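Chemist: In UniProt numbering, the protein residues as written are 1 to 320.
Before I ask anything, let me first share the structure, which is written out below as structure tokens.
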Amino acid sequence: MLVGACAAQADTPWSTYKERFIDANGRVIDTGNNNISHSEGQGWGMMLAQHHNDQEAFDQLWQWTRRHLSRPDVSLFSWRYDPRDKPAVRDLNNATDGDLFIAWALYLAAERWNNANYASASRSIRRAVLENLTYEIAGYQVLLPAIEGFRRDQEVDINLSYWFLPALRDFADIEPEQPWQRLIDDGVVVLDEARFGAYLLPTDWVVVNQRGEVAPASNWAPRFSFDAVRIPLYFVWGGRDEARAIGSITAFWNDPAHQPPSAWVDVVSDERAEYPISRGVDAIRAYASGEKLPSATPQSEDDYFSATLLLLAHMAEDMR
């Protein structure tokens with residue numbers, strides 16, 4: 001558990017989350033993935049600490065992130081930390097969604113606690129995202145998933161769950177001269193082009209070519225799965241619930257012929273996972289469907305990913 005957790009926060013969903021998934025140094029532990037850590041988890045933890053007005057936890061999370069994941073060449077963060085490896089960070093490549101989570105958490109924390117250092121760090125990360133991770137193809141402004149590995153001469157692989165609209169919307173408000181709003185608008189258009197299979201669902205990874213054609217990316221299974229399930233949370237939270245794909249996703253989850261909904265579906269073969277969505281994904285389903293959310297307190301069956309999505313859905317509901 002994080003040192004110094006205040007008594008006022010005892011027995012809250014956030015204190016339960018900290019107890020189970022954040023160590024005393026501020027490292028968020030992915031219990032469903034061999035106890036690794038990643039920039040995504042650190043950013044999510046910082047967002048939640050800020051939301052729960054826990055500056056001590058926020059600072060521990062931020063300091064661990066800076067110490068262990070900061071890249072030496074640019075104000076972005078290596079995506080993966082594995083304590084079993086030597087060194088623990090073997091791949092310096094970033095993950096754009098993690099960078100956005102961290103930048104937004106710092107921006108919100110700077111506003112909440114009137115901290116100029118947080119604000120400066122957020123600006124640096126935002127500048128690095130714009131300079132290194134935005135790309136124009138076929139008239140679309142898109143987010144590269146990372147600095148390396150996703151862009152080719154005639155096409156680019158993208159992940160629409162990396163479009164974290166709450167952050168992009170706030171960045172567009174404070175930096176209207178930058179292409180944040182265009183990223184949002186083009187992301188909605190691409191999302192509605194990326195609807196495949198019987199349920200018209202986006203796949204976790206899609207490819208966009210120079211002709212503007214959008215298709216499931218060939219290097220990944222053509223599944224609506226653990227990445228794409230976050231899309232309804234981010235797009236509804238960001239005020240763009242008019243995207244047709246949101247209705248397609250909720251229709252899949254709420255289909256009375258397949259209850260409980262499967263954790264993933266292959267949009268080409270219609271093969272389905274033999275196990276249901278987690279409580280965290282069910283919270284996203286409820287949020288996007290306008291229903292009451294399940295309890296925010298992580299349960300014993302919730303791993304890091306499910307518990308985090310659960311608390312994020314409640315954060316989004318609180319911010320409506």
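Note that CB positions come from ideal geometry on N, CA and C, so glycine has one too.
The structure displayed is predicted, hence computed values, not measured ones.
1) Which term fits residue 360, buried or exposed, when burial requires 16 or more other beta carbons within 10 angstroms of its beta carbon?
2) Could you work out which residue in Ala24, Val74, Val229 and Ile36 is closest to Asp85 when comparing CA atoms only?
3) Between Ser262 and Arg272, what straight-line distance do the alpha-carbon atoms span, to the nearest angstrom?
4) Quick one: is Gly26 buried, meaning 16 or more other Cβ sit within 10 Å of its Cβ, or exposed?
5) Can you tell me whether Pro72 is buried or exposed, with buried defined as 16 or more other CB within 10 angstroms of its CB?
6) From what residue to what residue does the beta strand (DSSP E) around Val74 run?
7) Could you check if Ala7 is buried or exposed, using at least 16 other CB atoms within 10 Å of its CB as the buried criterion?
8) Here's the rule: buried if 16 or more other CB atoms are within 10 angstroms of the residue's CB, otherwise exposed. What is Asn34?
9) I need the boundaries of the alpha helix (DSSP H) containing Ala141, first residue and last residue.
10) Which first and last residues belong to the beta strand (DSSP E) in which Thr134 is found?
11) Excluding the five sequence neighbours on either side, which residues of its own chain have a C-beta within less than 8 Å of the C-beta of Asp99, listed in chain order?
12) Would you identify the three-state DSSP class for Arg126, choosing helix, strand or coil?
13) Between Gly41 and Tyr304, which are expected to be in contact by the criterion C-beta below 8 Å, what is the C-beta distance as a whole number of angstroms?
14) Can you check whether the CB of Val267 is closer than 8 Å to the CB of Pro216?
15) Is it buried or exposed for Asp302, if we count other Cβ within 10 angstroms and need 16 for buried?
16) Measuring straight from C-alpha to C-alpha, what distance separates Ala138 and Asp204?
17) Assign Ser60 to buried or exposed, taking buried as 16 or more other Cβ atoms, counted over all protein chains shown, within 10 Å of its Cβ.
18) Under the DSSP definition of a beta bridge, which residues are partnered with His38?
19) Measuring CB to CB, does Ala121 end up less than 8 Å from Leu106?
20) So Asn209 is in the beta strand (DSSP E); what residue range does that whole segment cover?
21) Assuming Ile147 and Asn93 make a contact with CB atoms under 8 Å, what is their CB distance in whole Å?
22) Which ranges does the alpha helix (DSSP H) cover as unbroken runs of at least 4 residues, wholly within the stretch 187 to 265, from first to last along the chain?
23) Determine the DSSP secondary structure at Val281, reduced to helix, strand or coil.
24) Let me check understanding here. Comparing Cα to Cα, which of Asp270, Gln154 and Pro260 lies closest to Val214?
25) Rank Trp220, Val188, Trp253 and Ile231 by C-alpha distance to the C-alpha of Tyr140 and give the top, closest one.
26) In the DSSP assignment, the alpha helix (DSSP H) including Ile102 goes from what residue to what residue?
27) Output needed for Ile102: all residues of its chain with C-beta closer than 7 Å, excluding positions within five of it in sequence on either side, in chain order.
28) Looking only at its chain, what residues have a beta carbon closer than 6 Å to the beta carbon of Trp275, apart from the 5 residues adjacent to it on each side?
29) I'd like to confirm the pairing. Which residues does DSSP put opposite Arg272 in its beta bridges?
30) Going along the chain, which residues of its own chain have a beta-carbon closer than 8 Å to the beta-carbon of Ala88, five neighbours each way excluded?
31) Any idea what DSSP makes of Arg20, helix, strand or coil?
32) Using CA atoms only, rank isn't needed, just tell me which of Gly197, His258 and Phe226 is closest to Gly280.
33) Report the rounded CA-to-CA distance for Val207 versus Glu317, giving the unit in angstroms.
34) Does the distance from the C-beta atom of Pro256 to that of Ile246 stay below 8 Å?
Modeler: Taking the coordinates as given:
1) Nothing about residue 360 can be reported from this structure: the residues present for the chain run from 1 to 320 only.
2) Ile36
3) If you take the alpha carbons of Ser262 and Arg272, they lie about 6 Å apart.
4) buried
5) exposed
6) No beta strand (DSSP E) holds Val74; DSSP gives it neither H nor E.
7) Because the pLDDT of Ala7 is 37, which lies under 50, any placement of that residue in the model is unreliable, and the question is left without a value.
8) exposed
9) This sequence places Gln at residue 141; Ala is not what is there. Taken as a continuous stretch (DSSP letters only), Gln141 belongs to no alpha helix (DSSP H), being part of the beta strand (DSSP E) at Tyr140 to Leu143.
10) Thr134 to Ile137
11) Non-local beta-carbon contacts of Asp99 in its own chain, meaning distances under 8 Å to residues more than five positions away in sequence, involve Ser39, Gly43, Leu76, Phe77, Ile125, Ala128, Val129 and Leu133 in chain order.
12) helix
13) 7 Å
14) yes
15) The residue is buried, with at least 16 neighbouring Cβ atoms inside 10 Å.
16) Each residue's alpha carbon lies about 21 Å from the other.
17) Here the sequence assigns Gln to residue 60, which means Ser is not the residue at that position. Buried.
18) Arg80
19) Going by C-beta atoms, Ala121 is nearer than 8 Å to Leu106.
20) Val206 to Asn209
21) 6 Å
22) 231 to 237 and 244 to 254
23) DSSP, read as helix, strand or coil, puts Val281 in helix.
24) Checking every option, the nearest Cα to that of Val214 belongs to Gln154.
25) Val188
26) Thr96 to Trp113
27) Ser39, Gln42, Gly43, Met46, Thr65, Phe77 and Ile125
28) For the sequence presented, residue 275 should be read as Tyr rather than Trp. Within its own chain, the residues whose Cβ lies closer than 6 Å to the Cβ of Tyr275, once the five positions on either side in sequence are excluded, are Ala263, listed in chain order.
29) Val265
30) His68, Tyr81 and Asp82
31) helix
32) Ranked by Cα distance from Gly280, the options Gly197, His258 and Phe226 are led by Phe226.
33) C-alpha separation (whole angstroms): 32 Å.
34) Contact: no.
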